[in-house]
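> First residue of the sequence shown? That's 36 in our numbering, and the numbers climb one at a time after it.
Even for Gly, the Cβ is constructed at its ideal location relative to N, Cα and C.
What you are looking at is a predicted structure, and each value in this text was computed from that prediction instead of being measured.
Please see the structure below; I have some questions.
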Amino acid sequence: MDKLRIHPLRWISLIAIIVGIALISFAVVPQTVTAQSPLHPTFPFLDTEGNNVLETGNPISTMQTCGQCHDTAFIESHSFHADVGYSAMMDGEEFSASQPWDTSPGLYGNWNALTYRYLSSDSDPVTDLSSQEWLQTIGLRHVGGGPAEDAGIEMNCFLCHTANPDNQARTEALTAGQFAWANTATLVGSGLAFATEDGYELNPEAFDESGELLAAYVDIQDPDNNNCGQCHGTVHTSQEPFAIAGCEDTGWTTSTTGQVFSAQRLSASGMNLQDKEELTRSYDIHMERLVECTDCHFSLNNPVYANGGGADTLENLDFDPRRLDLGEYLYQPLHQFARGQSTQGTVAPELKDTMRRCESCHNAEDTHDWLPYTETHMDALHCESCHIPTIYSAAYQQVDWTVVETDGTSISVCRGVDAGEDATINDLVYGYTPTLLQRENVDGTTKYAPYNLVSAWYWVYGEPALPVPQAALVEVYLDGENYQPEVISLFDTNQDKVLESSELVLDTDEKVDFIAAKLVEQGLDNPRIQAEVQPYSINHDVAGLDWATQDCETCHTEDSRMTEAVQLASYTPGGVLPEFVPSGNTLTDGNIYQDENGAVYYEPSTTDHGVYVFGHNSVSWIDWTGIILFLGVLGGVSVHGGLRVWSARKRPKHTPEIEKIYMYTFYERVWHWLQTLTILILAFTGLVIHKPEMFGAFSFKGMVLVHNITAAILLLNALLALLYNLISGDIKRFIPEPHGFFNQMIVQAKYYLNGIFKGDEHPFEKTREKRLNPLQKITYVAVLNILLPLQVLTGILMWGVQQFPEIAQKLGGLPFLAPFHSLIAWSFISFIILHVYLTTTGHTPTAGIKSMIVGWDEVEVHTSQDHTEEE
């Protein structure tokens, strides 16, 4: 063993040699070449016939080149990226019948109001895009393969599996109609290829004598965030300050929602952000923690990410050790990637909810112990609802295709930025608060999640309706690069002979009729304006705990974020109010309305689907009934007390004969005042929880905690009192005696309504055994046997919604339990007012309260026996 030891100096020498070789190797590699793949072997580029493209000069075939080691046919047939747009690329009635209302942006071939263009079928009256034109425009977001392969566009493996794909060169090739060369063009940025007049040529210095790619040029890799960002959204990984202008098209997700995939801190970005110096968080905490897109959106047969639990394989197994062999996976990797449950995307709906969600990695129970009713919140809200409180970027708000700019595009308005007609990076960006909407999940649950709402107006024609082609709009509005003279005359409100974007608004019937007539002249039947609202899911730009929503008042107030009105548009083309696009899993209950300035708003509703938010929701008639009951009792005792004072001053002063009786034991007094204190605290905290905006000085979260603790004390105290009265036998004094009880109530009522004003003595003598008069007995029977149990039961059910939700749901859930609980609370408060007042009906106003403090009560000695309890 001693012979195998290496002297430390030799270790240092060995390390120095290795580092030196690495530095020399790096120095001789051309600047355009990235570090080679440590595992991927060298390989030749082949054309569609399987021949080396260095010999044939043909475009690279990814299916043949990658197919040397991988089952590319399997991969293409199991890739929803390749399937995107499949229905749109089909000719005939099947495609036409689905247009234009299949508006999911996930299907690039299908129509949506932002890209506007659509592939026409043979049955369409007017053509918007032919198959070739679709591939040259909308198809730029397609990775190739699938329906595009008929045009010679193979699935582009280089786009996702090389370190520096040149998507710009690929786009230029597609736009120019060089479909077969699109995949080759993707290699331009890596130095492997360059453009020529006839197509593209490969760099001969990148290959060895046998025609295989040199190892230094092999930059094949797993897809990283930059690869995904080429189509899905803005990814920023450099140290340079990040900056974009307005909601420019830097990626579909970023334009529609403002989500930016960057680990850079907001304060270090190049954006003109409002209160920028205070925004010390990163754009996305997952990017900051080096999480890659593929860590969540993984291949479904990747053995690294397979769960292996019994739920995924066999019910009788807790863990299944069986996995794909790594070699098998590399040969046939599924390109069906795990996905969430976003509104957009109708491709491969069976794959929805295959992605691990937040709770798969984060233990919310341990990290959210500060949150009251943690499980209830988790059952009602997706994590993004609180952890994406603000999007610090601009996003589409309104798109108006009823008019066109001089370049043939629509008028677009962004939310979250103060931008003029030409957006720049100097524009002030204040971001926006996403709208919370309920999402119906695959497992049948419904939870709130954040969205950006984008409204759009556009012309349609015919039956079934089809969008008016862009070329037809351009012909109506434009004469070359300028507007038609008739259009200028009609729209030029300031009469300067120049149309600005702010003037391009169909805000009068005259303008609408004029454009409609022009479209009819082009053979378009029954042109009219339609409008829609599309909710775009927000799942990124996640904030850590310090920046997440933690203030309960954000939702639990009258101005709750849950129902906060969001502006959909600053104006309404043609006076048409939009409607939500029917989606598979987003509930859009609420009200779309127009204010006095013409702006359009959407106000969500929480009540239509059984959601009850404490501090926000209430039933007005319940509140008014409680208030009227309370004011009625308060007014009644005030009038009654005033009449007592007035009548006492008129009659001669009378001093009754009294005697002291030990009326209340120590336990009874402690129980009474503890119960009084808890009821008062419960009433106050309940009022704060019900109407927190009226008590801004008090913490909603603190009031909920105090309310629950006090309720537990009250319940325990009530149970102890019941046990005490049962054991002592004092329970009998609360039970009315059937014989003559009705007549006794009438006698007592007459005393309160008449005799008390005359100075008559109480009709029933008060003793320890018979300290309650008939009206008090019946009142306590109602309070202790009806009101208190109902209040306790509804309170327990409300508290236990997360422990036993099925029981609470069968009884109407929070929308029923909470208002009913409030109504009983108003009854208790009214009872307390009446109870306190009746303690003043003794021989002195304070005698009753004093007796409950000291235990000894001064009671009147009856001099007449006209009315006794025995009667």
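In whole angstroms, what is the alpha-carbon distance linking Leu-89 and Ser-156?
Their Cα atoms are separated by approximately 40 angstroms.
> Is Asn-191 buried or exposed, if buried means 16 or more other CB atoms sit within 10 Å of its CB?
buried
> Going by C-alpha to C-alpha distance, which of Arg-679, Val-889, Ile-714 sits closest to His-2?
The requested residue 2 does not occur in the structure, where the chain is confined to residues 36 to 906.
> Does DSSP put Gln-585 in a helix, in a strand, or in coil?
coil
> Out of Tyr-252, Glu-363, Ile-693, Thr-315, point me to the one whose CA is closest to Pro-338's CA.
Taking the Cα of Pro-338 as reference, the smallest distance to any Cα among Tyr-252, Glu-363, Ile-693, Thr-315 is reached at Glu-363.
> Say whether the region 207-227 touches the region 93-110, bearing in mind that this needs 3 or more beta-carbon pairs closer than 8 angstroms, one atom from each stretch.
yes
> Need the endpoints of the beta strand (DSSP E) that Pro-570 sits in, please.
563-572
> Exposed or buried, Met-698, counting other C-beta atoms within 10 Å across all chains shown (16 or more means buried)?
buried
> Where DSSP assigns a beta bridge to Arg-679, which residues make up the other side?
For Arg-679, which the question treats as bridged, DSSP gives no partner whatsoever.
> Name the DSSP beta bridge partners of Lys-695, please?
Glu-893
> Give me, in chain order, the residues of the same chain whose beta-carbon lies closer than 8 angstroms to that of Trp-891; leave out the 5 immediate sequence neighbours on both sides.
Lys-695, Ile-696, Tyr-697, Met-698
> So, is the C-beta of Ala-241 closer than 7 angstroms to a C-beta in chain B?
Annotation note: the requested chain B is absent from the structure, which comprises a single protein chain.
> Note down, in chain order, each residue of its chain lying with its Cβ closer than 6 angstroms to the Cβ of Lys-311, except the 5 sequence neighbours on either side.
Ser-302
> From the DSSP output, in three-state form, read off Glu-841 for me.
helix
> Can you give me the start and stop residues for the alpha helix (DSSP H) that Gly-625 sits inside?
It is not in any alpha helix (DSSP H) - Gly-625 instead sits in the beta strand (DSSP E) that spans 625-629.
> What does the alpha-carbon distance come out to for the pair Phe-866 and Leu-712?
15 angstroms
> Buried or exposed for Glu-385, going by 16 or more other Cβ atoms inside 10 Å?
exposed
> Assign Tyr-702 to one of two classes, buried (16 or more other C-beta atoms within 10 Å of its C-beta) or exposed (fewer than that).
exposed
> From which residue to which residue does the alpha helix (DSSP H) around Phe-855 run?
848-873
> Determine the direct distance from the alpha carbon of Pro-520 to that of Pro-160, and round the result to whole angstroms.
Looking at the two C-alpha atoms, the distance is approximately 28 angstroms.
> Does the structure place the region 417-436 close enough to the region 483-495 that three or more beta carbon pairs sit under 8 angstroms?
yes
> Roughly how many angstroms separate the alpha carbons of Ile-714 and Glu-638, rounded to a whole number?
37 angstroms
> Judging by CA-CA distance, which residue of Cys-587, Ser-572, Asp-330, Met-887 is the nearest neighbour of Val-705?
Comparing Cα-Cα distances from Val-705 to each of Cys-587, Ser-572, Asp-330, Met-887, the minimum goes to Met-887.
> What first and last residue would you give for the beta strand (DSSP E) that runs through Ala-430?
430-435
> By the DSSP assignment, the beta strand (DSSP E) with Ile-446 in it spans what residues?
446-450
> Check whether the Cβ atoms of Val-616 and Gln-565 sit closer than 7 angstroms, and answer yes or no.
no
> Tell me, please, which residues DSSP counts as bridged to Pro-639.
Its beta-bridge partners are Gly-625.
> Could you tell me the alpha carbon to alpha carbon distance between Asp-126 and Lys-387, rounded to whole angstroms?
Any reading at Asp-126 needs caution, since the residue's pLDDT is 37, under 50, leaving its predicted position unreliable; the model's value is listed next. Their Cα atoms are separated by approximately 28 angstroms.
> Measuring alpha carbon to alpha carbon, tell me which residue in Tyr-493, Gly-671, Ser-290 is nearest Tyr-571.
Ser-290
> For Arg-176, which three-state DSSP category applies?
In this structure, DSSP gives Arg-176 a helical state, which the three-state scheme calls helix.
> Nearest to Pro-502 by CA position, among Glu-323, Phe-296, Arg-563, is which residue?
Arg-563
> Assuming the contact rule is C-beta atoms closer than 8 angstroms, Ser-23 and Pro-613 should be a hit. Round their C-beta distance to whole Å, please.
Since the displayed the chain opens at 36 and closes at 906, residue 23 lies outside it and no answer follows.
> In the DSSP assignment, what are the bridge partners of Tyr-483?
Leu-416, Gln-473
> Classify Ser-334 as helix, strand or coil using the three-state DSSP reduction.
strand
> Can you tell me whether Phe-372 is buried or exposed, with buried defined as 16 or more other CB within 10 angstroms of its CB?
buried
> With a threshold of 7 angstroms on Cβ separation, who are the neighbours of Leu-81 within its own chain once the five nearest residues in sequence on each side are excluded?
Asn-87, Val-88, Ser-96, Gln-99, Thr-100
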